[in-house]
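Before any comments, here is the structure.
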Amino acid sequence: MDIERDQRRFKQIVRGRIRDNLRKYITHGEMIGRKGRDLVSIPVPQLDVPRFKFGKNGSGGVGQGDGEVGDALGKPGQGPDGAGGAGSDPGGGHYLEVEVSLDELAEMLGNELELPRIKPKGAASIEAEKTKYNSIRQTGPESLRHVRRTYLRALKRQISTGSYEIGDPRVIPVKADKQYRSWNEVPQPQVNAAVVYMMDVSGSMTDEQKEIVRTEAFWIDAWLGKQYKGVEKRYIIHDAVAKEVDENTFYHTRESGGTRISSAYKVAADLIEREFPVADWNIYCFQFSDGDNWGDDNRKAFELLGEKLLPASNLFCYGQVESPYGSGDFIDALEKQYSDHEKLVLSEIADKDAIYESIRKFLGKGK
Amino acid sequence: MSMGPTSNLTPELAAMQVEIEEHARRYGLDFYPTIFELIDADQLNAIAARGGFPTRYPHWRFGMEYEQLSKGYHYGLQKIYEMVINNNPCYAYLMRSNAALDQKLVMAHVYGHCDFFKCNDWFSQTNRKMMDDMANHGTRIRRYMDQVGVEPVEDFIDACLSVEDLIDICSPFIQRREKKDNYRFGDREKQEEESRSPRFQAKGYMDSFVNPREVLLSKQLEAAEKGVARRIPEQPERDVLLFILEHAPLTSWQADVLSIVRDESYYFAPQAQTKIMNEGWASYWHSTIMINKAVTAVDIVNYADHHSGTLASSPTQLNPYKVGIELFRDIEDRWNRGAFGRDYDECEDVQQRRRWNTGAGLGRQKIFEVRRIHNDLTFIDEFLTLDFVRDHKLFRFGYNPGSEAYEIESREFPKVKQQLLQSLTNRGRPIISVVDGNYRNRGELYLRHDFSGVELQTDFAVDTLRNLERLWNRPVHIETVLENARAVLSFDGKNHEIEKGDSVDIPGLEAIT
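What follows is the structure, given as structure tokens:
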């Protein structure tokens, strides 16, 4: 019975629906935070066959058990046409939850945004292990038995013990003759990438802006993770001073001080120098801010950017997130200073809906 | 003996089948030969996903169903114990991993279903060779997929499935109109002649008395009026699928696919109409056979555990197994005690009613009769009593839009019963008919939902119209009631429209709410 065929078709249709709604998933961060390992579970609209059926309004059913009139009942069962409800099925909506691998989503994102594949630079550095069947052992599962070698050994044994008869050329392996294929871990050279995220956590950046940053970073990670085997991530927050933090702190810190962007650039430059030699690493910098900077700091920031960060990076992306407290002019200053630097990408992110375009801008260079 | 050619039971299970079948027959159950097949969980899930038919046509939704079933199984959330196919011979599946005791129980349960399939009148018109026909359907649809491509066929099936519920579940028992092949077009002139002058035979000199001129004229007028008022369909048509099949501009493969969907829909309809009875009946028999005959002292605890699992109930989902078996037992008990009829009904003393016993001993006979003539709707209508509702703590619940939750609304007997009956009417699905196939004289399709107090779910309705339009190829409409006002939802191939009309009084609605 060919249930696999139906299953394949079903999955194919699911992928189609996801692709159709990808923009919504991307910009509304529906699956972020639900990430369990490499799978995300996302709601796909309308996969069931639509029918004329009863809605909730005026619906009800008959149940069984204790309770007073007016008591609330848990979520009603989802039996489709049971006597329980007037055909209504409040638990099951118009959505179906499906699981997709992050990798696959990133692939869809790439196709959707027409992102170019990145051509990694640098020599291989991290070595991942890969298993290869390139050796022989005395024990192992029968499925891996090496027939030719086994018979060869049996033949040798028979000849040396004199039990091989030319007239009756039978080769019968005994247990000691058996040989099995086996594997070894083979080091695999790989190209690597480091991503440095910088974010302004001064008072003017609200939770909403951070959510935008988080959403955008999620997709950037997913995409880069597809291009490189090992991606190292570093997080830097700053107000007037900067420090390196872990991912969780990055998204959940709020300071009240002023803003000095150069402080973050300094920490980033030191970090890169210390941990990621330019020759071996593909380095990506993403900076998010509402664009307010202490006036006299711009000069120092540009200096660091021009001398250290831009030369070291494959790409330096600056995203200016619009804030309710008004947005600053750092983006304009950057534009003026490095108007057409090939490694610098600027993007203004007005709201959640702008995330989609912003990602395209950042990653569209294929660097 | 009913061992079919494909049965692959182990000798132990085969012996078990002989034993259980023997018990079932002695109790008076009557069934077609029954073939058990022993299969793995994965196979069972795959067959269940196809509605019990391994050879059914290919379609993505079976894949979806399978995915859900097998996930549920592997996470240990659900497990299918039994599956029986209404066919002659009956096919039933046993899961290989079940313990021997469970297999015994399942067999006993299966014989209950097999008896029900054969003997219940609502199944009397179902196709008993459905195994073969499903395979034929599969072959035909695969062939169309080869001819025009997988996707067009599957898409078209999607559209058909959207309206597969819209059949007339009573039509297998009623001849509503002449069969198509009875039309004789050659007789048309003669018919017209007749309609022009419906004369009685009379000799010439009597003619003006037997057929007075003025009567003839008025008859003629009447006939003419009738001709003008003639519309398609003449009466609202509940079998929407048939109407589409006969009138929509379908290609031959499309018409064939639609007719397949319709056949299968009619095949499955009686099962939806008798869920409570069928499961109740099977549970009644597995418990009777097991307790009295088949279960040993060693197994009784395991049996009880399994049995109670089957009959567990939840507050918001009536368990058909549970309600069914309890009702059958209640009927058996009452008819054994003679607790029915006028004297009993008129007795108001609760104690006396409880103790009532005329020693009638008609219980077994009665439940056999009930399983022959009733469906869920009439079963509940006839046998759900005040005492039963109280004893089993039934209540009616409803959706409270304020709290967005379901709440217990009432424990009053009439309301509980009314709600249950409403849930069971037309298998719990909205009653919808074609009213006009030439709406606005523009070949548009106009359906009407007979509103009975529960609104249609609009987003689903809108999507369904979309699919309906694909079948009909012209604008489609459905008249219903939304927020107490008459409303017509339309789709013209591009745009959806909801036209709201006057508020309406729904007759009889008071009785429900």
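First to last, the sequence lines map onto chains A and B.
Residue 237 in UniProt numbering is what sits at position 237 of the first sequence, and the numbering runs on without skipping anything.
Residue 185 in UniProt numbering is what sits at position 185 of the second sequence, and the numbering runs on without skipping anything.
The C-beta atom is built at its ideal place from N, Cα and C for all residues, glycine as well.
Keep in mind the model is a prediction, meaning the values are calculated, not measured.
Closer than 8 Å, CB to CB, is residue 24 of chain A near chain B or not?
no
Just how far apart, CA to CA, sit residue 228 of chain A and residue 364 of chain A?
16 Å
In three-state DSSP terms, what is residue 438 of chain B?
strand
Measuring alpha carbon to alpha carbon, tell me which residue in B:263, B:82, B:239 is nearest residue 544 of chain B.
Beyond the ends of chain B as shown, which are 1 and 513, falls residue 544 of chain B; an answer cannot be given.
Would you report the Cα separation of residue 346 of chain B and residue 357 of chain B, rounded to the nearest angstrom?
15 Å
Does the beta carbon of residue 243 of chain B come closer than 8 Å to any beta carbon on chain A?
no
I'd like the span of the alpha helix (DSSP H) that includes residue 226 of chain A, first residue to last.
207-227
Does the structure place the stretch 235-244 of chain A close enough to the stretch 196-212 of chain A that three or more beta carbon pairs sit under 8 Å?
yes
Residue 18 of chain B (DSSP reduced to helix, strand or coil):
helix
Between which two residues does the beta strand (DSSP E) holding residue 243 of chain A run?
242-245
Along chain A, which residues have their Cβ under 9 Å away from the Cβ of residue 416 of chain B?
62
Helix, strand or coil at residue 78 of chain A [DSSP, three-state]:
With a pLDDT of only 37 at residue 78 of chain A, under the threshold of 50, the placement of this residue in the model should not be trusted; the figure read from the coordinates follows. Reduced to three states, the DSSP call for residue 78 of chain A is coil.
According to the Cβ coordinates, are residue 101 of chain B and residue 302 of chain B closer than 8 Å?
yes
Are the beta-carbon atoms belonging to residue 359 of chain A and residue 212 of chain A less than 8 Å from one another?
no
Does DSSP classify residue 3 of chain B as helix, strand or coil?
Per-residue confidence for residue 3 of chain B stands at a pLDDT of 44, beneath the threshold of 50, marking its modelled position as unreliable; no derived number is given.
Please classify residue 45 of chain B as buried or exposed, where buried requires at least 16 neighbouring CB atoms within 10 angstroms.
buried
Cβ shell of residue 355 of chain A (< 7 Å), same chain only, five flanking positions each side left out:
26, 27, 212, 215, 216, 349
So, does the CB of residue 54 of chain A fall closer than 8 Å to a CB anywhere in chain B?
yes
Bounding residues of the alpha helix (DSSP H) (the contiguous stretch that carries residue 107 of chain B)
100-119
If we ignore side chains and look at the alpha-carbon of each, how far apart do residue 511 of chain B and residue 54 of chain A end up?
Only weak support is given to the placement of residue 511 of chain B: the predicted model assigns it a pLDDT of 42, under 50, and the question is left unresolved by the model.
Tell me residue 323 of chain B's beta-bridge partners as DSSP assigns them.
Residue 323 of chain B is not bridged to any residue.
How would you label residue 169 of chain A, buried or exposed, when you count the other beta carbons within 10 angstroms and need 16 or more for buried?
exposed
Once you ignore the five residues that flank residue 153 of chain B on each side, which residues in its own chain have a CB closer than 6 Å to its CB?
144, 145
Under the rule that 16 or more other beta-carbon atoms within 10 Å means buried, what is residue 183 of chain A, buried or exposed?
exposed
Within 10 angstroms of the Cβ of residue 114 of chain A, are there 16 or more other Cβ atoms? Answer buried if so, exposed if not.
exposed
Give the straight-line distance between the Cα atoms of residue 291 of chain B and residue 67 of chain B, rounded to the nearest whole angstrom.
36 Å
Residue interval of the beta strand (DSSP E) (run including residue 284 of chain A)
281-289
Anyone know if the C-beta pair for residue 52 of chain A and residue 432 of chain B falls short of 8 Å?
yes
Using the Cβ count rule (16 or more neighbours within 10 Å means buried), how would you classify residue 131 of chain A?
exposed
If I measure Cβ to Cβ from residue 49 of chain B and keep anything under 7 Å in the same chain, skipping five residues before and after, which residues do I get?
62, 65, 66, 69
Residue 104 of chain A versus A:332, A:174, A:63, A:16, residue with shortest Cα-Cα distance
A:16
Is residue 30 of chain B closer than 8 Å to residue 119 of chain B when the C-beta atoms are compared?
yes
Local Cβ density within 10 Å of residue 217 of chain B, reported as buried at 16 or more and exposed below that
exposed
Chain A contact for residue 504 of chain B (CB, 8 Å cutoff)
no
Any idea what DSSP makes of residue 200 of chain B, helix, strand or coil?
coil
Excluding the 5 residues preceding and the 5 following residue 310 of chain A in the sequence, name in chain order all residues of the same chain whose CB lies nearer than 7 Å to its CB.
316, 341, 343, 344
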